[in-house]
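Visitor: End of the sequence shown = 188 in my numbering, gap-free, step of one.
Pasting a structure here, questions to come.
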Amino acid sequence: MSGKKVSPAKEKEIAISRAMTVQEIIALSPQASDIMVEYGLHCYSCSIGGVESLEDGCKVHGMTDELIDELVDDINIAIAQQPDREWVLTVTEEAADGIAKIASAENREGEVLMVTVDFAGGFCLEFAKEPEEHSKIFTCPSRSDVRVCALPLTLQRIGGATIDMRDGRFKLDLPEDAEGVCGCTDHSCGCEK
């Protein structure tokens, strides 16, 4: 309940909407749970939070459309105030080779590998015939036939990361991993400064 008018998107392409599920919002913006609590919502810990939209959850709790709009604005303001991340993913040659091998084995050559956020805040890789609208596409210079994409909201969480393959597994290395700093903003994961 900010009370102040700030442009939620801060002229960025990223924003959550009332149509997104509560768990999608929390996965993309962990601080959204604190904002929801300020509005009297505890949907982020509810099992139905992965099924119902933010709007549906708010309506069940008697919130007006105006109050839902304020909640969405406050979450978008918090997203806009996060430190800027470079909207880039680096795909190593090892990762590109691994992606190509899996695509071939699954008869998915030519498809794009989408980086998504799961409901627990982890990152998933899944093939899609085409990138989603507004996705940013990345390739490895030596393997331009392998395309990886992510939506701007996902890049706000993982922008600047490197996708690598080590020990037969894909690894997502965030810039702060190299610095020995956690990527959470409020130490909710148990990390220490």
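We treat Cβ as the ideally placed atom computed from N, Cα and C, and that holds for glycine.
Thinking just about the alpha-carbon of each residue, which of D159, G155, Q151 is nearest to the one in L120?
Guide: Position 125 of the sequence shown, counted from the first residue, corresponds to residue 120. Per the Cα distances, D159.
Visitor: How many Å lie between R13 and I21 at the Cα?
Guide: For the purposes of this step, residue 13 is identified with residue 18 of the sequence shown, where counting begins at 1. For the purposes of this step, residue 21 is identified with residue 26 of the sequence shown, where counting begins at 1. Using only the alpha carbons, I get a separation of about 13 Å.
Visitor: What three-state label does DSSP hand V67 in the structure shown?
Guide: Start at 1 with the first residue of the sequence shown, and residue 67 comes out as number 72. It is helical.
Visitor: Between which residues of its own chain and S130 is the CB-CB distance below 6 Å, once the five residues before and five after are set aside?
Guide: Locating residue 130 in the sequence shown gives position 135, counting from the first residue. Result list for S130: C144, L146, in chain order.
Visitor: Grouping DSSP H, G and I as helix and E and B as strand, with all else coil, what is M160?
Guide: Along the sequence shown, read from residue 1 onward, the residue named residue 160 stands at position 165. In this structure, M160 counts as strand in the three-state DSSP scheme.
Visitor: Figure out for me which residue from P126, G35, N102 has the closest Cα to the Cα of G57.
Guide: Position 62 of the sequence shown holds residue 57. The shortest CA-to-CA distance from G57 to any of P126, G35, N102 is the one to G35.
Visitor: Could you tell me the distance, in whole angstroms, from the CA atom of E47 to the CA atom of I72?
Guide: To locate residue 47, count along the sequence shown from 1; it is residue 52. To locate residue 72, count along the sequence shown from 1; it is residue 77. Rounded to the nearest angstrom, the two C-alpha atoms are 23 Å apart.
Visitor: By the three-class DSSP mapping on this structure, what secondary structure does E210 have?
Guide: Lying outside -4 to 188, the shown extent of the chain, residue 210 is not represented and no answer is given.
Visitor: Quick check on DSSP: helix, strand or coil for T87?
Guide: Within the sequence shown, residue 87 is the residue found at index 92, counting from 1. In the structure shown, T87 sits in coil (DSSP, three-state: anything other than H, G, I, E or B).
Visitor: Report, in whole angstroms, the separation of the C-beta atoms of R142 and I132, which I expect to be a contact under 8 Å.
Guide: Locating residue 142 in the sequence shown gives position 147, where the first residue counts as 1. Locating residue 132 in the sequence shown gives position 137, where the first residue counts as 1. That belief holds up - the Cβ atoms of R142 and I132 are roughly 5 Å apart, short of 8 Å.
Visitor: Excluding sequence positions up to five away, which residues of its chain have a Cβ less than 6 Å from the Cβ of T87?
Guide: Taking the first residue of the sequence shown as position 1, residue 87 is located at position 92. Taken in chain order, the residues that qualify are D159.
Visitor: Below 8 Å on the Cβ atoms is my guess for L122 versus E106; work out the distance and round it to an integer in Å.
Guide: Your numbering for residue 122 matches position 127 in the sequence shown. Your numbering for residue 106 matches position 111 in the sequence shown. For the sequence presented, residue 122 should be read as Phe rather than Leu. Yes, F122 and E106 are in contact; Cβ-Cβ is about 5 Å, under 8 Å.
Visitor: Please list, in chain order, all residues of the same chain as D168 whose beta carbon is under 7 Å from its beta carbon, the five residues on each side excluded.
Guide: The residue you call residue 168 lines up with position 173 of the sequence shown. If we look at D168 and ignore the five residues flanking it on each side, its Cβ neighbours are A156, T157, D159.
Visitor: In terms of residues, what are the limits of the beta strand (DSSP E) holding G109?
Guide: On the sequence shown, position 114 is the one that residue 109 refers to. According to the sequence displayed, residue 109 carries Met and not Gly. Where M109 is concerned, the enclosing beta strand (DSSP E) starts and stops at 107 to 112.
Visitor: Tell me the rounded alpha-carbon separation between D68 and V32.
Guide: For the purposes of this step, residue 68 is identified with residue 73 of the sequence shown, where counting begins at 1. For the purposes of this step, residue 32 is identified with residue 37 of the sequence shown, where counting begins at 1. Answer to the nearest angstrom: the Cα atoms are 15 Å apart.
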